[in-house]
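220 is the number that our numbering gives to position 236 of the sequence shown; each next residue is one higher, with no gaps.
The C-beta atom is built at its ideal place from N, Cα and C for all residues, glycine as well.
Remember, predicted model here, so these are calculated numbers, not experimental data.
Below: the structure, in structure tokens.
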Amino acid sequence: MYFTAFSTYQTILFLFYVICLLVAVSYRLQEKEIHSLIFLFLGAAALFNYAAMLDPFLNLWDERFHALVAKNMRNHSWMPTLYDDDFMPMAYNDWDRHHIWLHKQPLFLWQMMLSFKMFGVSEFSLRLPSIILGLATAGAIYRSSRLLIDAKTAFYTTFLFITGYYMLNLIAGRECIDHSDFVLMAYVSLSIWSFIEYTFKRKKYWAFLAGLFAGLAFLTKWMPGFLVFALWGLYFFQRKWNKHALLDFSMALGIAILIALPWQIYTFVVYPADAIREWKYNSAHLTHALEGHNGPWWFHFKNFPPIFGWASAILFIPGCYLFIKKIKKEYMAAYFLILRLCTLLFYSFAATKMSSYPIILCLPVALIAGTTLVQLVDWTETYKNYVGRSMVLIMLFVVFMLNFRPSKMVETHSTKASNNEYANMLIHNKKVFRSLHFHDPTILFNVKGRHYVEAMFYSPYLAYRFIPDSAQYATCKIRGFKMALFPGKEKFPAHLLNDPDVRILKDTLKGYD
């Protein structure tokens, strides 16, 4: 059963979400926009909080690295570090063991850092910025849909967004590249919404906001953050140029560059070797399939349903026609369709392929799919009274099940299932790391695989995956550190076993070598 698979608090949040969704749909059927909107967003807030609590541990690969860097940045926000000190003689030559960590742009890390400072260091505070920006994205989708079509479409478009399994997994930190891609999606969506407002009202402050959000998006994940300017370019290509429009565009682009550029200059001046290395590495994503992230050119087309939801994918196909038919500004329909196609093709021909890349298209995809859902609702509402409303509820239930994937949610996230090896492994390691308390300055060694990252997050100790060699052993002795070694497959040298400053821990770690 779904409700027995999670904690009591999670179950309460989920039930509250379902109730809010039902009330919101009921008010929508009565055409009470404000009431439906309030309950829709209350439900979204409950669901996003629920998602942030799904995994009571740091997820592997990216989330744990982001969490540790953000934790370290509390003490030096302009110096992102993975290893907070580099005195240990070892090779700091890859992104999973750098001292200065420029592998990602800093904005989403700063957001996590601020959350840690305000609410303490925990998995929930790590994910809190994604909750807030998820609600902001829902607001951008609602408002954009309402401007371009109507309030009814806005409701059902937002409904599709807040029922997406993949979106919730990003908030939970489970999918690659977790909060980095989710925050990028949020700021790109906000910049597109601001641009849509600008096309309707031609006010400079909307152009300013579009540039602001684009700059923040760049400061989250490089050039994809400037997606709104591709939309703006199409707008210029189709519409007549004029002096005021060009000035507004220049202002927006200038604001975006003003936000994004200082960090790039700063890193190249202060950390030139690290910045150049990361610049080359990131550029290589286009020409080389890095770290095994390869796939055929249709990779992102194939992953379209899992990312945006199966219901959204099915609704999207007829939505391309209905969107053109219903939109108030026909040229905007063409812009969105061209933008989606060009973005997918760009990522398709890039050598490195990661499933979350197209998530920046969330707003246009939800909007296009939502037009089909509204059309289906309109057809069912032609039946009188309770028959039509019952058909709407049944249809929305099917959409919810296809998008939310409850069985997959239980399989992936339930910590009560004994066969969930992934969750049990990380919960076990978290308990071990949190139980470590030493009176003297101590360094952890022989931490299995890359779990040294979680070790440094959950404990105050530096951690390394190797058994210390003679140089590393001498460094610890000179600097006055005691050593604690986790048991493993390799035998420890006699000088470590006989040294009173070396402690062999009893707890073993689970995980990957």
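{"Item": "Residue interval of the beta strand (DSSP E) (run including V431)", "Value": "Where V431 is concerned, there is no enclosing beta strand (DSSP E), given that its DSSP letter is neither H nor E."}
{"Item": "From K205, A170, H277, L230, residue whose alpha carbon lies closest to that of W247", "Value": "K205"}
{"Item": "heavy atom of the ligand GTP below 7 Å from F450 C-beta", "Value": "Ligands displayed in this structure: none; no statement on the ligand GTP is therefore possible."}
{"Item": "Helix, strand or coil at T183 [DSSP, three-state]", "Value": "helix"}
{"Item": "Any 3 or more C-beta pairs closer than 8 Å across the stretch 145 to 158 and the stretch 188 to 197", "Value": "no"}
{"Item": "Expected contact under 8 Å - CB spacing of F422 and K466 to nearest Å", "Value": "7 Å"}
{"Item": "Top-ranked residue by Cα proximity to I311, from D485, A138, A297", "Value": "A138"}
{"Item": "First through last residue of the alpha helix (DSSP H) which encompasses L93", "Value": "91 to 103"}
{"Item": "Residue range of the beta strand (DSSP E) that includes K466", "Value": "466 to 469"}
{"Item": "DSSP-derived helix/strand/coil call for T492", "Value": "coil"}
{"Item": "Spatial distance of G472 from L428 (CA atoms)", "Value": "13 Å"}
{"Item": "Enclosing alpha helix (DSSP H) for P208 [first to last residue]", "Value": "Taken as a continuous stretch (DSSP letters only), P208 belongs to no alpha helix (DSSP H), as it is neither H nor E."}
{"Item": "Proximity of H435 and D39 at Cβ, strictly below 8 Å", "Value": "no"}
{"Item": "Limits of the alpha helix (DSSP H) - the one that Y445 falls within", "Value": "Careful: Y445 lies outside any alpha helix (DSSP H) and carries neither H nor E."}
{"Item": "Beta-bridge pairing of R487 - partner residues as DSSP gives them", "Value": "A468"}
{"Item": "The stretch 193 to 202 touching the stretch 161 to 175, judged by at least three CB pairs closer than 8 Å", "Value": "yes"}
{"Item": "Span separating the alpha-carbon of L117 from that of V167", "Value": "7 Å"}
{"Item": "Beta-carbon proximity of M63 to I344, cut-off 8 Å", "Value": "no"}
{"Item": "Continuous alpha helix (DSSP H) stretch holding G148: start and end", "Value": "Careful: G148 lies outside any alpha helix (DSSP H) and carries neither H nor E."}
{"Item": "Reduced DSSP secondary structure (H/G/I, E/B, other) of I249", "Value": "helix"}
{"Item": "Whole-angstrom distance between L66 and F288, CA atom to CA atom", "Value": "33 Å"}
{"Item": "Buried versus exposed call for Q14 [16 or more other C-beta atoms within 10 Å across all chains shown]", "Value": "exposed"}
{"Item": "Span separating the alpha-carbon of S234 from that of I249", "Value": "21 Å"}
{"Item": "Identity of the residues DSSP links to T65 by a beta bridge", "Value": "I84"}
{"Item": "The alpha helix (DSSP H) enclosing L329, as first and last residue numbers", "Value": "314 to 333"}
{"Item": "Where the alpha helix (DSSP H) through M385 begins and ends", "Value": "369 to 388"}
{"Item": "Backbone secondary structure at T426 - three-state DSSP", "Value": "strand"}
{"Item": "Sufficient close CB pairs (3 or more, under 8 Å) joining the stretch 316 to 329 to the stretch 260 to 268", "Value": "no"}
{"Item": "Alpha carbon of S99 to alpha carbon of A156, nearest angstrom", "Value": "16 Å"}
{"Item": "contact_flag[the stretch 82 to 99, the stretch 11 to 25] where n(CB pairs < 8 Å) is 3 or more", "Value": "no"}
{"Item": "Nearest residue (CA-CA) to L446, options M72, Y1, M57, K16", "Value": "M72"}
{"Item": "Alpha-carbon spacing of D80 relative to R127, whole angstroms", "Value": "40 Å"}
{"Item": "Residue of L321, I115, F0, V416 minimising C-alpha distance to L493", "Value": "V416"}
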